[in-house]
Amino acid sequence: MTTPILAVENLQISVRKKPGLLILRGVSFTVHAGETLAIVGESGCGKSMTSLAIMGLLPDAVERTAGSVRFKGRELPITDNRAMRKVRAVEIGMVFQEPMAALDPLYPVGKQVLEVIEEHEQLPREMAWKRVIDLLTKVDLPNPEALAWSYPHKLSGGQLQRVVIAMALACNPDVLIADEPTTALDVTVQAQIMRLLKRLQRDTGVAIVLITHNLGLVAHTADRVMVMYAGNKAEEAPTRDLFLSPRHPYSRGLLDATPNPERAAAGGGVLREIPGTVPSIADPMPGCRFAPRCPNASDLCRARVPEPTFEGAHGYACFHPVARETLT
Amino acid sequence: MTTPLLRIDNLHVSFRVGKEMIHPVRGISLQLERGETLALVGESGCGKTTLARTILGLQAPSSGSIEYEGNDIAGLDRFRLKRYRPHIQCVFQDPFSSLNPRKRVEQLIREPLDIHQIGEASSRLKRAHEMMERVGLPTDWGRRFPHEFSGGQRQRIGIARALVMQPDLLICDEPVSALDVSIQAQIVNLLWELKRDMGLSYLFISHDLMLVETFADRVAMMYKGEIVETGPAREVWSNPQHAFTRRMIDAIPVPDVTRPTPPAFRIDAD
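Quick mapping for you: the protein sequence lines, in order, are chains U and B. Anchor point for the first sequence: position 167 equals 167 in UniProt numbering, and the numbering is continuous, going up by one each time. Anchor point for the second sequence: position 153 equals 153 in UniProt numbering, and the numbering is continuous, going up by one each time.
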């Protein structure tokens, strides 16, 4: 097997002033060139914290207490902000959820794309500006020469997200982390943005880490899925396997709770819910953190943390997994 | 034929934003029967929240009528509107900004009763506790403040506060769009049970056609201030008539890998 382009190993993140309060509890995964890995989970599961850690953008209140992030086999200095400036945009680009917050309202959008290029490359101004226009064209913005001089408030949410994507891809990174890139957008615009990302991926081979809570997006855009719950990796599988035969009861519950028109037609009108709420990070549970909400939980689950079990590319951390479906 | 619970006829709303006049609601006519769940679906900026605000009397219409049980309530002043307020209540989208952070939960829930002076002061707290229980909140949490609750629990508080008035019509403006999937399902199911047990009618405002398709009786599709299509939820989903509805459905990723990828997501055409 080839070296993954990005490898996160046993990443553990804790609250700085309170050792023992873990936000990420040892998460590992890999991303290969040209693929899309979706990281799925609900608020507080650690999916955004994972992406911030990879970019070296962890908030001051938390710190890495174990684990590593490797890019093409080389360990990234994720705690060294200065060193990480050479990694961001050049090796790993990032697209955030709120495009309005990611852009400076006081500068024309073209200048902001230019700034990324000039930060990382020594180019004559004219060539750099030509790159800006090329990038804005590549992300399908209409009339890029004029639009480059527009201020963010003049653009729609979808257009702003295209500018942010142009910024993220300005220095041809090998990995693009997209953290809920379409959550703030209407469903028709969401489809346009996802299609743009997939097309850019096809043309450049960039690997995409798609962080989302939208299982529908995952079903139609990701190659592999990692499901996170309360700071842990619950399950990891090729997209088709996860949807057709989830093994972790949380993945099963998440799929069942998602509105699905076919299923609604079959029964009753109400959704299947997961009872209870996500545990607080301060809750000192000795066992599986999903146990209090889990239909399969036993005394074993409440006493010990399950280790990940792998069947080929499909892994899950559960003592009492959901029965395997025969895949056709 | 019986009078519908709510009948909106040729409603227009316009207001000034800076120097510009905008017309978010352009001639809307709608009917909501007693016991019905009508979902109003549209994209951001289509005017659905303005319509809700107008029905609630928080925004004056420029023309048209809003009949509640046959009485026109469009543009009534606040004194005359007060009579209708207990009958039409609202659950808002953001469970964080819609609750006063300085009030205890039991105070928040009994507040509508205090304002409308319903029942003895001593019985109002009891009513608030009954409502807490009904929406699945432990009554001994009544002394806590909103910040001590999660998003889903706060939305339960918002629902209890709306239902303590025993309204006939509940307007839900994106009540679950700020919530996680598993919690979203809990709240939708709660609303469904409450409707069944209390005989409520819902106007459910959402941008998520797939979500409302699972529990609404009828759907009204709103586009640029107008209703472009109405029909039974299942029919609108499976056989959309208007181009806007079709475009929206083509862009919705259904969480099912056995279904073909929706046309709007395919890159093979590029």
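We put the CB at the ideal spot given by N, CA and C, even for glycine.
U:I177 is a Cβ neighbour of U:I54, given a cutoff of 8 Å. Runs of beta strand (DSSP E) with 3 or more residues, each lying fully within the segment 185–251 of chain U, are found at 207–212, 224–229 and 232–238, listed in chain order. In the displayed model, U:P144 falls within a helix according to three-state DSSP.
With a 10 Å radius around the Cβ and a threshold of 16 neighbouring Cβ atoms, B:M21 comes out exposed.
Between the segment 83–101 of chain B and the segment 153–167 of chain B there are three or more C-beta pairs closer than 8 Å, enough to call the two in contact.
From the beta-carbon of U:V270, the residues of chain B found nearer than 9 Å are A185, V188, N189, W192, E193, T214 and F215. 8 Å or more divides the Cβ of U:I281 from the Cβ of U:L11. Residue-level contact by beta carbon fails for U:Q12 and chain B, as no gap is shorter than 8 Å.
In terms of CA proximity to U:L123, U:C171 leads the group U:V139, U:C171 and U:D140. Contact of B:W237 with chain U by beta-carbon distance below 8 Å involves P261. Ranking U:P284, U:P292, U:L197 and U:D140 by CA distance to the CA of U:P275 puts U:P292 first. In the DSSP assignment, B:D72 is bridged to B:E67.
Straight-line spacing of the CA atoms in U:G73 and U:M84 works out to 16 Å.
Only exposed fits U:T79, as fewer than 16 other CB atoms lie within 10 angstroms of its CB.
Membership of U:S28 in the beta strand (DSSP E) is indicated by the continuous run L22 to V31.
If only complete runs of 4 or more residues are kept, the segment 154–180 of chain U shows the alpha helix (DSSP H) at 157–169, in order along the chain.
At least one CB of chain U lies nearer than 8 Å to the CB of B:H207. Inter-residue distance for B:R53 and U:L254 is about 33 Å (C-alpha atoms, whole angstroms). Within 7 Å of the CB of B:S182, the CB atoms of chain U belong to E42, G253, L254, A257, E273 and I274, in sequence order along the chain. Shown here, B:R104 sits in coil according to DSSP, grouped into three states, outside any helix or strand. Under the Cβ distance rule, B:F265 counts among the residues neighbouring chain U, one pair being separated by less than 8 Å.
Bridge partners of B:P232 according to DSSP: B:R218. At a cut-off of 8 Å between beta-carbon atoms, U:H248 makes no contact with chain B.
Interface with chain U (8 Å Cβ-Cβ cutoff): B:D173 is excluded. A contact is defined here as three or more CB-CB pairs under 8 Å, and the segment 244–251 of chain B fails this definition with respect to the segment 63–75 of chain B. In this structure, U:D256 keeps its C-beta atom at 8 Å or more from the C-beta atom of U:P238. In the same chain as U:E180, and ignoring 5 residues on each side of it, the C-beta atoms closer than 7 Å to its own belong to Q97, I211 and T212, in chain order.
Around the CB of U:G46, 16 or more other CB atoms lie within 10 Å, so the residue is classed as buried. Look at the segment 216–236 of chain U: the residues with a C-beta under 9 Å from a C-beta of chain B are G216, L217, V218, A219, H220 and T221. The alpha-carbon of U:T3 is positioned some 33 Å away from that of U:R16.
When B:Y223, B:L113 and B:P253 are compared, the shortest CA-CA separation from B:G47 is found for B:Y223. In this structure B:G18 is exposed. Its beta-carbon is surrounded by fewer than 16 other beta-carbon atoms within 10 angstroms.
The three-state reading of DSSP puts B:S14 in strand, counting E and B together. Contact of U:A7 with chain B is not assigned, every C-beta pair being separated by 8 Å or more.
Contact annotation, B:L209 with B:I252: C-beta distance approximately 6 Å; criterion of less than 8 Å satisfied. By the C-beta density criterion, B:D114 is exposed, having fewer than 16 other C-beta atoms within 10 angstroms.
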